[in-house]
C-alpha cells in the first residue's frame, strides 16, 4: 500500500470516536445485559418519534451495541434522523451507501454526503473529493473533486497532508488539475520535511480538546429527555451541553479502522498496489 495512503487511513480511523480527545470512548460491539437494555430503551424511544433516539439507535445497529450488527437497520435509522435535521446521520447514511456491498448506492451516498457537506460536516468534504476523484465510483468529476478537496484543505483537517501527498503522487496538483485546491495550498502551504512527508505548520493547526462523559452517562441523560412529550419535529438542544449530546460529537461515532480501510482502499485507484 502507498505509504501516504496508509497514513491517511490511520488518521481517518481516529476520526470515528465519540469526541476529539485521545481518551474518548468508542461505541463498540457489546452484548451485556446493560447494553441490551440500553438498546431496548432507545428502540422504544425511536418508535415514539424521538429523532435523537433514531440517531443513537442507528449507531447501536452499526456497532452491534446491545444487538447484532445490522447495517441495513443502521441505515434505516440514520436516514430517519437525517430527515429531522441530524447532519451526522446524513454523513453516516452516505458512508454506509458507499461501503456496504449489499446496500451500495453511490448516487444516494453522494446525495447524503452532499447534505452533510452543505451543513459544514468536514469529513463529508473529504469523502466527496475522493469519490469524485476515483473511477471506481463512476462519478469522476475533477471539478467537483477539486471543490471538495479545497474545502477540506481550507478546514485544515489533520488528514489533509497525507491525502495531498497521495493525490499528488497520482495526479500532480497544479493550477490545471486542481485549481481551487492549488490556490488554497499556495495561500497556506504545507511544510515539507526532509523525508518528503508533509504536515501543517504548527501555527496553522487549531487544537480543540473536548472532554466527554462516559457513554452510559450520555445514554442516561438522553433517556431522561425522551420521557417528555415531543413538541415539534427537528432537533431540540435547550439545556444540554455539547458533551451531553451524541449529535454534538458529530465528527465520528460509527466507524473504525476497518471501515475506513475498506472505503479508501476501494476508493483510491491503485491503492492496493504497493509502492
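In mature numbering (1 follows the signal peptide of the UniProt record, and there is no 0), the protein residues as written are -24 to -1, 1 to 251.
Ideal placement from N, C-alpha and C gives every residue a C-beta, glycine not left out.
Own chain residues within Cβ distance below 6 Å of residue 91, not counting five before or after | Shown here for residue 91: same chain residues with a beta carbon closer than 6 Å to its own, the five before and five after excluded, namely 66 in chain order.
With 16 as the cutoff for other CB atoms within 10 Å, does residue 249 come out buried or exposed?
-> Legend: pLDDT at residue 249 = 36, less than 50; position of this residue unreliable, no value from coordinates given.
Where residue 198 and residue 25 are concerned, what is the direct C-alpha to C-alpha distance, given to the nearest angstrom?
-> Looking at the two C-alpha atoms, the distance is approximately 14 Å.
Nearest to residue 150 by CA position, among 128, 127, 122, is which residue?
-> Considering only alpha carbons, the answer is 122.
From what residue to what residue does the alpha helix (DSSP H) around residue 22 run?
-> Note, residue 22: alpha helix (DSSP H), 9 to 23.
Sort out for me which residues DSSP pairs residue 168 with in a bridge.
-> Answer is 174.
Give the DSSP bridge partners of residue 113, in chain order.
-> Beta-bridge partners of residue 113 (DSSP): none assigned.
For residue 322 versus residue 85, is the C-beta distance shorter than 8 Å?
-> Missing from the structure shown is residue 322; the chain here goes from -24 to 251 and no further.
Determine the closest residue to residue 194 out of 9, 29, 22, 19, with distance taken between C-alpha atoms.
-> Among 9, 29, 22, 19, the Cα nearest to that of residue 194 belongs to 29.
Is it right to say residue 169 is buried, meaning 16 or more other beta carbons lie within 10 angstroms of its own, or is it exposed?
-> With fewer than 16 neighbouring CB atoms inside 10 Å of its own CB, residue 169 falls in the exposed class.
Environment of residue 13 [buried if 16+ CB atoms lie within 10 Å] = Exposed, since its Cβ has fewer than 16 Cβ neighbours within 10 Å.
Whole-angstrom Cβ separation of residue 38 and residue 45, contact assumed at under 8 Å?
-> Cβ atoms of residue 38 and residue 45 come within 8 Å of each other, at about 7 Å.
Give me the Cβ distance between residue 116 and residue 79, rounded to the nearest whole Å; I'm assuming they're in contact under 8 Å.
-> So it is not a contact: roughly 22 Å between Cβ atoms.
Give the secondary structure of residue 97 by DSSP, where H, G and I count as helix, E and B as strand, and everything else as coil.
-> Secondary structure at residue 97: coil, using DSSP grouped into helix, strand and coil.
Give the DSSP bridge partners of residue 41, in chain order.
-> Bridge partners of residue 41: 6.
Give the secondary structure of residue 151 by DSSP, where H, G and I count as helix, E and B as strand, and everything else as coil.
-> If DSSP states are grouped into helix, strand and coil, residue 151 belongs with coil.
Within 10 angstroms of its Cβ, does residue 107 collect 16 or more other Cβ (buried), or is it exposed?
-> So residue 107 ends up on the buried side.
List the endpoints of the continuous alpha helix (DSSP H) containing residue 68.
-> Counting along the chain, the unbroken alpha helix (DSSP H) around residue 68 starts and ends at 63 to 75.
Collapsed DSSP secondary structure at residue 54 in the structure displayed | Correct three-state label for residue 54: helix.
Looking at C-alpha atoms only, which residue of 111, 112, 120 is the closest neighbour of residue 100?
-> The residue among 111, 112, 120 with its C-alpha nearest the C-alpha of residue 100 is 120.
Express the C-alpha separation of residue 135 and residue 34 in angstroms, rounding to a whole number.
-> Per the coordinates, the alpha-carbon of residue 34 lies some 26 Å from the alpha-carbon of residue 135.
Name the residue from 88, 77, 189 whose alpha carbon lies nearest to the alpha carbon of residue 56.
-> Minimum Cα distance to residue 56 is reached at 88.
So, is residue 139 buried or exposed, given that buried needs 16 or more other C-beta atoms within 10 angstroms?
-> It is buried - the Cβ of residue 139 has at least 16 other Cβ atoms within 10 Å.
Kindly list the residues whose CB is nearer than 6 Å to the CB of residue 177, restricted to its own chain and excluding five residues on each side of it in sequence; keep chain order.
-> Excluding residues within five positions, the ones whose Cβ falls inside 6 Å are 167.
Determine the extent of the alpha helix (DSSP H) in which residue 79 is found, giving its start and end residues.
-> No alpha helix (DSSP H) holds residue 79; DSSP gives it neither H nor E.
According to the Cβ coordinates, are residue 137 and residue 175 closer than 8 Å?
-> Against a cut-off of 8 Å, the Cβ pair of residue 175 and residue 137 comes out as a contact.
Measuring CB to CB, does residue 98 end up less than 8 Å from residue 128?
-> Result yes, Cβ atoms of residue 98 and residue 128 sit closer than 8 Å.
Is it right to say residue 93 is buried, meaning 16 or more other beta carbons lie within 10 angstroms of its own, or is it exposed?
-> With 16 or more other Cβ atoms within 10 Å, it is buried.
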